[in-house]
Structure formats: C-alpha cells, structure tokens
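Chains as they are written, first to last, in the numbering used here: chain A, 12 to 220; chain R, 12 to 220.
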DNA sequence: AGATATTTGCTTGCCGGCTGCAAGTTGCTA
DNA sequence: TAGCAACTTGCAGCCGGCAAGCAAATATCT
C-alpha cells in the first residue's frame, strides 16, 4: 500500500458530506466576521472552503440555511458552557456565576460566538426561521433566570417581595446590552469593571433586607 | 385659475426635491419595518413613493445613503425627546427621568425609531459610515450618563466610591438590552414592570448608604 | 469477487432581480 | 429661450436559487 493510498484513501459519502459541511461552516463564520452576513455570498463560502461556487447553496438549501446551521452549532456550545458553570446553583449564586460565565466567554470571544451574535442582530424584526429560534432562545434564558430567583426566594435568601420576572428581564438586559455595546466597540468598553458593577447591583437588589 | 392649477401648481426645484426625499424616506421606513433592511430594495422605495425605480438611488447615492438619512433623522428626534425630559436634572433624578423617557418612547414606538433600531442592529460588526455613527452615538450616551453620576457625586447625593464609568455602562446596557428584547418579541416583555425594577436597582446602587 | 445498476456528492449553466451608473427626457429658472 | 436640475430609462455586473449533468461511492446480481 502506497503513501498516496493512505492520504487519499477511499472515503464514505457520509465522511465527504461531513467534511465539506464543516469546512463551509468554518468559511461562513470567517466571512461573516470579515464582511458581515449580508456581504457574505454563498459563492465565496463554497470557494473559500475549497469547493465550487454552488456547493454551499446545494448543501444548506439557501443562505438562510447556512446561517441556521451556524446558529444551532454556536448556541449549543454556549448553553453547554453556561450549564457547566452554573450547574445546580440557585438564587443569587447562580446569577453571579452566570455573570462570570458571560464575562469569560466574551474574553475568549470565540469566532463562532461573535458570528452568532451578528446573525442574531441581523434577524431582528423580520419573521424567519432564524428569528423564531431567537425568540425561543431568549424566552428560555429569561425562564432560567426567573427560576433561579424563585429558588432563591424559596431558600429564603432572596426577599419574597421581589418581582422574579422583572429581575429576569433586567438580568438579561444587562447581559445582552453589554454584549451589544462590546460588539459595537470592544475597545471602548471595560468588561471587567462593568461586570463587577453588575454583581454589586444584583447583590443589592436581591438580598434580604 | 382652475382647481387643477391650485393642486398642481408650479413648484420650485427645492420643493420638489424636499417632497420626493421625504416621501422616499417614509417609504423606506415602511419597507424596513415590513420586510427588514436587507430585503428592502431601492426600486421598491422609489415606486412606493410614487416615482420611478431609479430615483432613490439617484437621490441618496446608494442604499447605505438612504439608511444614513433615516438614521440621522431619527437619532435627532430621539435626542431631542431625551433632552426635553431630562433637562438640567442631575444625578439619580436624571437617570430615573431618562428611564421614563425610554419607556414612554417604546410605548409610543414611532415607526422611525423602530426602523432606526433595525438599521443599527444590522450595521453591527462591519465597518461602514453607519457603524461609525453608531459607535459615536453610544459613546455620547455613555458620556452623558457618566456625567449625571459625577454630578450626583458632587452634589453629595451619590456615594463617592461609585464607579461612574461602570454605572454608565450598566445603565446603557439595561436600556439597550431592553430595547433588544422588546424588538425580538414585544408581546413577551412587560416593559412597565421591567422599568420599575430598573429604577429600584438604580436607586439602591447609587444612594448614599 | 467482479461487473453493472443506482444513489449521492458535487459542478455548471441559466433565470430573475437587485444595485449602481451613464445617457436621455422632462420640468423649472433666469 | 438657453441652461440647469429633477427625474427616468437602459445597461453591466453581481447574487441567489434552481435544474441538468458529471463523477465518486454503494448496492445488486451473477
């Protein structure tokens, strides 16, 4: 058996699809970060990945299909990261842990996450499969935060006259607003000082008086 | 002189430009809200305004030019509304007033403001004249808030160990995150309860202990 | 196991639609 | 009436989506 046979061995169809799909997702992320989602063309995605101008359209069905693929990938990774940090924590402790998870994630700023955010922003305001995912994602996030607050109330750690729903809205606003400002101009935004301030606010707003 | 002459009287060149420009801006806003900025075409803007397919391109130079026009219009109106509400207030009072101004504005939800937000979201992440305006606008907003806090400290109303910069970041995050969540899904977001909670947070975080 | 039929991954050609520009037409001005 | 500004129309270049075609992988038959 020659060396060539090892390098260029016979691959299954599934392997081929897997590889081309992954390479095009990577190319898509790179192009979205470089020139924004609108100016990213399926043609360039295919060619940057080393294929023809048409493969991306064929593989993902449409430009929106490619974007949806990138979103689901990235969202899964973020939720996993968050769960790993928050674990089974409850109440204020869970919220402070989530805050830190956010800060760490922004500092690492993985490409796929930044691309995901750009896709989200772009999908606001016009009905589409992507924006439906967005609605669902935010609702789930707020629900989680609300649950943390309610558990904190049950534990007696959080005052029982606190409006859990409103706190959840506020917490998510803080995180989303921070991400937004940071994306708009990373250099002008001191993440660490901001997040420390948020933790102070949350502690003040939730502690039993 | 006939009635027709009164309705279709001779107009100056300036009047004609003014009218066509305004009508196309209105058409643009309407289309942006209907189908999003990307799917809004200059062709349709011109035709919806009652002109030819080419006038919008001629008048605004490019699609981006139309967007820039809409943005500057809307931004001016928002800043005016904010100044009218906050006036010469200082410290916590100014921030609470700004919070209410935001809430009122979202309840009215004028078309041009919603369109402006969509244009902003879309411009995040790729360098352009629009995103330059965005950077500048957010920097100015944070600067204003920071000034309110510093004035509050001078007045002795706000504790002097408060990090004014971080508070400004947090305040803007709250507002921007709220706007974002509200745009994504207005029905699932109780603006009034959220804003009341924010005022409680701000009061707790800033008052002299 | 080897040859052939079939499925599947990928490419290419094409259509409609958009932007941006240049050349033409109509309406105002002096 | 000449000149200029507002507006329209024609055209080139590009993109997304689709259908037809080609080639690699897999199933089937002897």
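Glycine included, C-beta positions come from ideal geometry on N, C-alpha and C.
Please read all numbers here as calculations on a predicted model, not as lab measurements.
Inter-residue Cα distance where the pair is residue i and residue j
i: residue 166(A); j: residue 219(A); result: 11 Å
i: residue 77(R); j: residue 38(R); result: 11 Å
i: residue 97(R); j: residue 117(R); result: 16 Å
i: residue 194(R); j: residue 65(A); result: 35 Å
i: residue 55(R); j: residue 49(R); result: 12 Å
i: residue 215(R); j: residue 209(R); result: 10 Å
i: residue 99(A); j: residue 196(A); result: 34 Å
i: residue 112(R); j: residue 186(R); result: 11 Å
i: residue 63(A); j: residue 82(A); result: 23 Å
i: residue 161(A); j: residue 29(R); result: 56 Å
i: residue 172(R); j: residue 163(R); result: 12 Å
i: residue 27(R); j: residue 72(R); result: 17 Å
i: residue 174(A); j: residue 104(R); result: 23 Å
i: residue 202(A); j: residue 60(R); result: 45 Å
i: residue 212(A); j: residue 47(R); result: 36 Å
i: residue 145(A); j: residue 23(R); result: 49 Å
i: residue 110(R); j: residue 199(A); result: 23 Å
i: residue 95(A); j: residue 129(A); result: 25 Å
i: residue 57(A); j: residue 68(A); result: 8 Å
i: residue 25(R); j: residue 127(R); result: 26 Å
i: residue 149(R); j: residue 136(R); result: 14 Å
i: residue 170(A); j: residue 108(A); result: 20 Å
i: residue 53(R); j: residue 53(A); result: 23 Å
Which listed residue (the options) has its alpha carbon closest to that of residue i
i: residue 204(A); options: 72(R), 76(R), 176(R) and 200(R); result: 176(R)
i: residue 269(A); options: 123(A), 24(A) and 180(A); result: Because chain A spans 12 through 220 in this model, residue 269(A) falls outside it and cannot be assessed.
i: residue 80(A); options: 32(A), 63(A), 51(A) and 98(A); result: 32(A)
i: residue 70(A); options: 200(A), 35(A) and 133(A); result: 35(A)
i: residue 217(R); options: 150(R), 29(R) and 101(R); result: 101(R)
i: residue 226(R); options: 131(R), 161(R) and 52(R); result: The structure shown does not extend to residue 226(R), since chain R is modelled only from 12 through 220, so no value can be given for it.
i: residue 168(A); options: 126(A), 28(A), 86(A) and 106(A); result: 106(A)
i: residue 134(A); options: 192(R), 186(R) and 198(R); result: 192(R)
i: residue 304(A); options: 129(R), 153(R), 137(R) and 23(R); result: Not covered by the structure: residue 304(A). The range shown for chain A is 12 to 220.
i: residue 115(A); options: 23(A), 212(A), 206(A) and 213(A); result: 206(A)
i: residue 75(A); options: 58(A), 51(A) and 109(A); result: 51(A)
i: residue 151(R); options: 67(R), 86(R), 126(R) and 25(R); result: 86(R)
heavy atom of the ligand NAP below 7 Å from residue i C-beta
i: residue 40(R); result: Ligands displayed in this structure: none; no statement on the ligand NAP is therefore possible.
Mind pulling the alpha helix (DSSP H) runs of 4 or more residues that sit fully within the region 54 to 137 of chain R?
66 to 71, 74 to 97, 102 to 119 and 122 to 134
Within 8 Å, do at least three Cβ pairs link the region 90 to 104 of chain R to the region 127 to 142 of chain R?
Not touching, per the Cβ criterion.
Segments assigned alpha helix (DSSP H), at least 4 residues, entirely inside the region 133 to 164 of chain R:
none
Selection of the region 34 to 48 of chain A by Cβ proximity to chain R, strictly under 7 Å
The region 34 to 48 of chain A vs chain R, Cβ under 7 Å: 46 and 47.
Answer yes if the region 31 to 49 of chain R comes into contact with the region 118 to 135 of chain R, meaning at least three C-beta pairs across the two stretches below 8 Å, and no otherwise.
yes
Do the region 179 to 186 of chain R and the region 154 to 170 of chain A touch if we need at least three Cβ pairs shorter than 8 Å?
no
Using a Cβ-Cβ cut-off of less than 7 Å, give me the residues of the region 124 to 149 of chain A that come near chain R, in sequence order.
129, 132, 133, 135, 136, 137, 145, 146 and 149
Interfacial residues, the region 188 to 201 of chain A to chain R, with Cβ spacing under 9 Å
188, 189, 190, 191, 192, 194, 195, 196, 199, 200 and 201
Using a beta-carbon distance cut-off of less than 8 Å, what residues from the region 156 to 189 of chain A approach chain R?
174, 176, 177, 178, 180, 181, 183, 184, 185, 186, 187, 188 and 189
Can you pull out the residues from the region 206 to 218 of chain A whose beta carbon lies closer than 8 Å to at least one beta carbon of chain R?
207, 208, 209, 211, 212, 215 and 216
May I ask you to list, following chain order, the residues of the region 48 to 59 of chain A that have a beta carbon less than 8 Å from some beta carbon of chain R?
Contact annotation: in the region 48 to 59 of chain A, residues whose CB is within less than 8 Å of a CB in chain R are 49 and 50.
Any C-beta of chain A within less than 7 Å: which residues of the region 103 to 127 of chain R qualify?
Here the close residues number zero.
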